[in-house]
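**Student:** Take this structure, written in structure tokens, and hold onto it; I'll ask about it next.
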Amino acid sequence: MPRSATMRGRYAPSPTGDLHVGNARTALVAWLAARAAGGSFVLRVEDLDPPRVVAGAEEQTIDDLRWLGLDWDEGPDVGGPHSPYRQSERSRLYRQALRTLGAAGRIYACTCSRSELRGLLSAPHGPGTEGPPYPGTCRDKGIPVEIDVDADARVRRPSLRFRVAEHERVKFRDAVAGDVEQDVSADVGDFIVRRSDGLFTYQLAATVDDVAMGINQVVRGADLLHSTPRQILVLKVLKAAVPEYGHVPLVLSSSGDRLAKRTRPVSIRQLRFGGFAPERVVGAMAHALGLVDRAAPVAARDLVDTFRWKKIGTEPWTLSRDAFSM
Ligand code: GLU
Ligand code: ZN
């Protein structure tokens, strides 16, 4: 299939541990969606938070993704016109974006401490596990906004927050979840774009990178569905187009827990060591996604022609003990 110049998808792993089955399934869908559209595919490493980065995880992730049969046109290992492809090397762009947001009057400095914010825990919680919405304590305090600072965990400075307009509702259509709508001011409130230790947040960095890298198809895990409205607000201030979104249902362990990198996950590395062929792993993932009728070994590239978003269900996949035995 000829590559269309228009579609640009990406997979954006955080190198905080081994790639698990949930991450891999999301990567498979991201890759299939881009390739089925004849588009290009970008690998971006989200190593924003140095203490959480695990040495060797980037290399292992790349190796695991290639083992699964995925490839990319741009990425940290192959280069490309939007280099660098590691967020830790892209601070200049994030600072530039903060300046744009600042000039539009959309950021302010906040000196609330974590314990002050924790005192709000009795308030109703926002979506996900992010706690209650920020009440806007520092909104109108006029604390000076400094943008040119370096990340240094030893120096505490004000965090920077994005100012959400009152009752700012965001609507978008997700390729899996359908129509999604959120009142960001009520559910989340003004959200942090740079932390008090100087590190840029995921919400800012991922959005800025998607714009800078010309991404118009964002595929990621369903745990990030409720981040999308915030990112759309940032996109609007940056005057950037809103991409297409597809949030892939999560994978749960056989006990029904969410797979997380810290909770004894089923990693691709373990499956490789266990002697499973990549076609089996891909076949089981594709079957659980609804992309194929039978659980049978299949190569990723053989799923491209029949890929359709509408085949993908919204339910999470609970891994059974024999999920990869076929
Ligand atoms: N780095 C995020 C993760 O590994 C994904 C972010 C995104 O795709 O927007 O969960
Ligand atoms: Zn504050």
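Quick note, the sequence shown lines up with residues 17 to 342 if you use our numbering.
Here a beta-carbon is modelled for each residue, glycine too, at the ideal position from N, C-alpha and C.
This one's a predicted model, so the numbers in the text were calculated from it and none came from an experiment.
At the level of alpha carbons, what is the spacing between tyrosine 337 and alanine 312?
**Tutor:** A small correction: the amino acid at residue 337 is arginine; tyrosine does not occupy that position in the sequence shown. One C-alpha to the other measures close to 16 Å.
**Student:** Count the other CB atoms, across all protein chains shown, that sit within 10 Å of the CB of serine 129; report buried if there are 16 or more and exposed otherwise.
**Tutor:** exposed
**Student:** Look up isoleucine 248 in the DSSP assignment and say whether it is helix, strand or coil.
**Tutor:** helix
**Student:** Measuring only from the beta carbon, is threonine 127 closer than 7 Å to any heavy atom that is part of ligand 2?
**Tutor:** Checking the Cβ of threonine 127 against ligand 2 gives yes.
**Student:** Go through the region 228–312 residue by residue and report every complete run of the alpha helix (DSSP H) that reaches 4 residues or more, in order.
**Tutor:** 244–253, 284–289, 294–305
**Student:** Could you please give the first and the last residue of the uninterrupted alpha helix (DSSP H) stretch that includes serine 75?
**Tutor:** According to the sequence provided, residue 75 is glutamate. The question's serine does not apply to it. Run containing glutamate 75: 73–83, per the alpha helix (DSSP H) assignment.
**Student:** Rounded to whole angstroms, what's the CA-CA distance from arginine 67 to glutamate 90? Just pull it up for me.
**Tutor:** Reading off the sequence, residue 67 comes out as proline, not arginine. Looking at the two C-alpha atoms, the distance is approximately 26 Å.
**Student:** Counting along the chain, where does the alpha helix (DSSP H) carrying valine 186 start and finish?
**Tutor:** Taken as a continuous stretch (DSSP letters only), valine 186 belongs to no alpha helix (DSSP H), being part of the beta strand (DSSP E) at 185–190.
**Student:** Less than 7 Å between C-beta atoms, sequence neighbours within five positions excluded: which residues of the same chain meet that for valine 314?
**Tutor:** Glu295, Val298, Gly299, Ala302, Val308
**Student:** Are the beta-carbon atoms belonging to alanine 304 and tryptophan 325 less than 8 Å from one another?
**Tutor:** Going by C-beta atoms, alanine 304 is not nearer than 8 Å to tryptophan 325.
**Student:** Any residue with its C-beta under 6 Å from a non-hydrogen atom of ligand 1 counts. Can you list them all in chain order?
**Tutor:** Ala28, Pro29, Ser30, Glu62, Ala222, Arg236, Gly237, Leu240
**Student:** From aspartate 34 to phenylalanine 323, what does the alpha carbon distance come to, in whole angstroms?
**Tutor:** The alpha-carbon atoms of aspartate 34 and phenylalanine 323 are separated by roughly 27 Å.
**Student:** In the DSSP assignment, find the alpha helix (DSSP H) that holds glutamate 132 and state where it starts and stops.
**Tutor:** 130–134
**Student:** Check whether the Cβ of threonine 217 lies closer than 7 Å to any heavy atom of ligand 2, and answer yes or no.
**Tutor:** No, the Cβ of threonine 217 stays beyond 7 Å of every heavy atom of ligand 2.
**Student:** Report all residues from its chain with a CB closer than 7 Å to the CB of valine 165; omit the five preceding and five following residues, and keep chain order.
**Tutor:** Arg173, Gly214
**Student:** By the DSSP assignment, the beta strand (DSSP E) with glutamine 198 in it spans what residues?
**Tutor:** 194–199
**Student:** If alanine 46 sits next to valine 224, beta carbons under 8 Å apart, how far is it from one beta carbon to the other, in whole angstroms?
**Tutor:** Alanine 46 to valine 224, Cβ: 19 Å. No contact.
**Student:** Roughly how far, in whole angstroms, is the beta-carbon of histidine 263 from the beta-carbon of aspartate 190, given that I think they are within contact range, below 8 Å?
**Tutor:** 6 Å
**Student:** Would the region 23–38 count as touching the region 70–83 if we require 3 or more Cβ pairs under 8 Å?
**Tutor:** yes
**Student:** Rank Asp239, Gly135, Ala167 by C-alpha distance to the C-alpha of threonine 153 and give the top, closest one.
**Tutor:** The residue from Asp239, Gly135, Ala167 with its alpha-carbon nearest to that of threonine 153 is Gly135.
**Student:** Can you list, in chain order, the residues of its chain with a C-beta nearer than 7 Å to that of threonine 330? Leave out the 5 residues immediately preceding and following it.
**Tutor:** Val192, Ala193, Pro265
**Student:** If you draw a straight line from the C-alpha of glutamine 198 to the C-alpha of phenylalanine 340, how long is it?
**Tutor:** About 37 Å.
**Student:** Pop quiz: valine 196 and phenylalanine 207 are said to be a contact at Cβ under 8 Å. What is the actual Cβ separation, rounded to whole angstroms?
**Tutor:** No, valine 196 and phenylalanine 207 are not in contact; Cβ-Cβ is about 17 Å, not under 8 Å.
**Student:** Going by DSSP, name the residue or residues bridged to cysteine 126.
**Tutor:** Ser175
**Student:** In the DSSP assignment, what residue or residues form a beta bridge with arginine 334?
**Tutor:** A small correction: the amino acid at residue 334 is threonine; arginine does not occupy that position in the sequence shown. Leu268, per the DSSP bridge assignment.
**Student:** What is the rounded straight-line gap between the Cα of arginine 108 and the Cα of serine 56?
**Tutor:** One alpha carbon belongs to arginine 108, the other to serine 56, and they sit about 25 Å apart.
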